[in-house]
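Sequence lines, in order, name chains C and Z.
According to my numbering, the residues represented by the first sequence are 1 to 114, in order.
According to my numbering, the residues represented by the second sequence are 115 to 264, in order.
We treat Cβ as the ideally placed atom computed from N, Cα and C, and that holds for glycine.
Predicted model, so just to flag it, every value in this text is computed and none were measured.
In what follows, a structure is listed as structure tokens, so that the remarks can point back to it.
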Amino acid sequence: MSMKVASRQVDGVTIVDCSGRITLGEGSVILRDTVRDLLSKGNKKIVLNLAEVNYIDSSGIGELVSAFTTTKNQGGELKLLNLTKKVNDLLQITKLYTVFDVKDDEAAAVKSFK
Amino acid sequence: MAMTEQRVSYTLDSSLETIDRAEEKATRIATDLGFPEDEIMQISMAVREGAVNAVLHGNAYAADKKVTLAFEQTGNDLVITIRDQGKGMDLNKIPNPLAPENLLKTSGRGIFLMRSFMDVVEIRPSQTGTELKLIKHVRGAAAGGEEASQ
Chain C
1 MSMKVASRQV
11 DGVTIVDCSG
21 RITLGEGSVI
31 LRDTVRDLLS
41 KGNKKIVLNL
51 AEVNYIDSSG
61 IGELVSAFTT
71 TKNQGGELKL
81 LNLTKKVNDL
91 LQITKLYTVF
101 DVKDDEAAAV
111 KSFK
Chain Z
115 MAMTEQRVSY
125 TLDSSLETID
135 RAEEKATRIA
145 TDLGFPEDEI
155 MQISMAVREG
165 AVNAVLHGNA
175 YAADKKVTLA
185 FEQTGNDLVI
195 TIRDQGKGMD
205 LNKIPNPLAP
215 ENLLKTSGRG
225 IFLMRSFMDV
235 VEIRPSQTGT
245 ELKLIKHVRG
255 AAAGGEEASQ
């Protein structure tokens, strides 16, 4: 299953509902284009909802890091929401869990933005 | 299911499709051998990362270069070999992705993930490319209900 994204606004925060696989190729490109498009339109409070992301490879991990740093460099914030066990485990072993702000409740994620 | 002596190999193009095919074959073979679900994921992901390295960094998508993927059951091991025809890699130049200065890099985690998921990872650079060997010991149900000796 390839990756799909759908964006919605909640109290000034953009929630990006992602589903499928974030892997080298199409999945990584879709994520990259989505975040860049949001930032270019001034949406700088971004939550990636990964509840339906069932697979991610090292390229996908790299794309999450890229999305995080690109958003930060433009004065915004990007957080992760609802990690599946597989994605959670990957962020743990790569020590990226300490880098990302990871939430498991959407309302709390939205409120956490300054 | 106990493992028996078997070997299967594939010669694949240097394309994105090869990466997906390699992962699919790893998943199927690991499943057929009776590995538990978490280890099937580990094996398939390690093979995917190995295939990415072969296609992307080794052969650089060159149409005239092939990737060879082999699965072999030897005793209590699943041995996976991935060969490319690239210029080889300098293992000394692979940075530690867990070092604080590398945490925010967008690449360089593939070999680390392979080493995290497999029991043995051997990388042999040569003038004709790179050979990657991934070994997963068979335990529990996949070893016919007996723990594999180490």
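Counting only Cβ pairs nearer than 9 Å, list the residues of chain C close to residue i.
i        : result
Z/Val235 : Going along chain C, no residue has its Cβ under 9 Å from Z/Val235, so there is no contact; the nearest lies around 14 Å.
Taking only the alpha-carbon atoms, compute the straight-line gap between residue i and residue j and give it to the nearest angstrom.
i        : j        : result
Z/Glu260 : Z/Arg142 : Because Z/Glu260 carries a pLDDT of 42, less than 50, the predicted location of this residue cannot be relied on, and the following value inherits that uncertainty. Between Z/Glu260 and Z/Arg142, the C-alpha separation is close to 22 Å.
C/Glu26  : Z/Leu192 : 30 Å
C/Glu52  : C/Val13  : 20 Å
Z/Gln120 : Z/Gln187 : 5 Å
C/Thr34  : Z/Ile133 : 24 Å
C/Lys111 : Z/Val234 : 45 Å
Z/Gly172 : Z/Thr145 : 28 Å
C/Thr23  : C/Ile56  : 6 Å
Z/Met203 : Z/Phe185 : 23 Å
Z/Tyr175 : Z/Lys250 : 28 Å
C/Ala109 : C/Ile46  : 10 Å
C/Gln36  : C/Val10  : According to the sequence displayed, residue 36 of chain C carries Arg and not Gln. Each residue's Cα considered, the two are about 19 Å apart.
C/Leu83  : C/Ser28  : 17 Å
Z/Ile196 : C/Glu106 : 42 Å
Z/Thr238 : C/Leu31  : Residue identity differs from the one stated: residue 238 of chain Z is Arg in this sequence, not Thr. Roughly 34 Å separates the two Cα atoms.
Z/Glu245 : Z/Val161 : 13 Å
Z/Glu131 : C/Phe113 : 40 Å
Z/Asn210 : Z/Leu147 : 33 Å
Chain C partners of residue i, CB-CB under 8 Å?
i        : result
Z/Met155 : Lys86
Z/Glu166 : A small correction: the amino acid at residue 166 of chain Z is Val; Glu does not occupy that position in the sequence shown. Under the 8 Å cutoff, chain C gives Leu24, Asp57, Ser58 and Ser59.
Z/Arg223 : Ser58, Ile61, Gly62 and Thr94
Determine the chain Z residues that contact residue i at a beta-carbon separation under 7 Å, and present them in chain order.
i       : result
C/Lys95 : Leu212 and Leu217
Is the shortest distance between the beta-carbon of residue i and the beta-carbons of chain C less than 8 Å?
i        : result
Z/Thr132 : no
Z/Pro209 : no
Z/Glu138 : no
Z/Glu186 : no
Z/Leu227 : yes
Z/Met203 : no
Z/Gly200 : no
Z/Ala262 : Confidence at Z/Ala262 is low in this model, with a pLDDT of 38, below 50, so its placement is unreliable and the value that follows should be read with caution. Answer no: the Cβ-Cβ gap between Z/Ala262 and chain C never drops below 8 Å.
Please state the DSSP three-state secondary structure of residue i.
i        : result
C/Asn43  : coil
C/Val29  : helix
Z/Glu261 : Residue placement at Z/Glu261 cannot be trusted, given a pLDDT of 41 that sits under 50; what the coordinates show is reported in the next sentence. Residue state, collapsed to three classes: coil.
C/Lys4   : strand
Z/Gln241 : coil
C/Phe100 : coil
C/Gln9   : strand
Z/Asp127 : strand
C/Gln92  : helix
Z/Phe185 : strand
Could you tell me whether any non-hydrogen atom of the ligand PLP is closer than 7 Å to the CB of residue i?
i        : result
Z/Ile249 : For the ligand PLP, the structure offers nothing, since it holds no ligand at all.
Give a yes or no on whether the minimum CB-CB distance between residue i and chain Z is below 8 Å.
i       : result
C/Thr69 : yes
C/Ser19 : no
C/Ser2  : no
C/Gly62 : yes
C/Ser40 : no
C/Val65 : yes
Anything in chain Z within Cβ reach of residue i, meaning under 9 Å, just list it in chain order.
i       : result
C/Val99 : Leu217 and Leu218
Below 7 Å on C-beta distance, what does residue i contact in chain C?
i        : result
Z/Arg162 : Asp57
Z/Ser230 : Ile93
Touching by the beta-carbon criterion (3+ pairs, under 8 Å), the region 87 to 98 of chain C and the region 205 to 224 of chain Z: A contact between stretches requires three or more CB pairs, one per stretch, nearer than 8 Å, and the region 87 to 98 of chain C meets this requirement with the region 205 to 224 of chain Z.
Sufficient close CB pairs (3 or more, under 8 Å) joining the region 66 to 75 of chain C to the region 222 to 236 of chain Z: By the Cβ rule, the region 66 to 75 of chain C does not count as touching the region 222 to 236 of chain Z, because fewer than three pairs are nearer than 8 Å.
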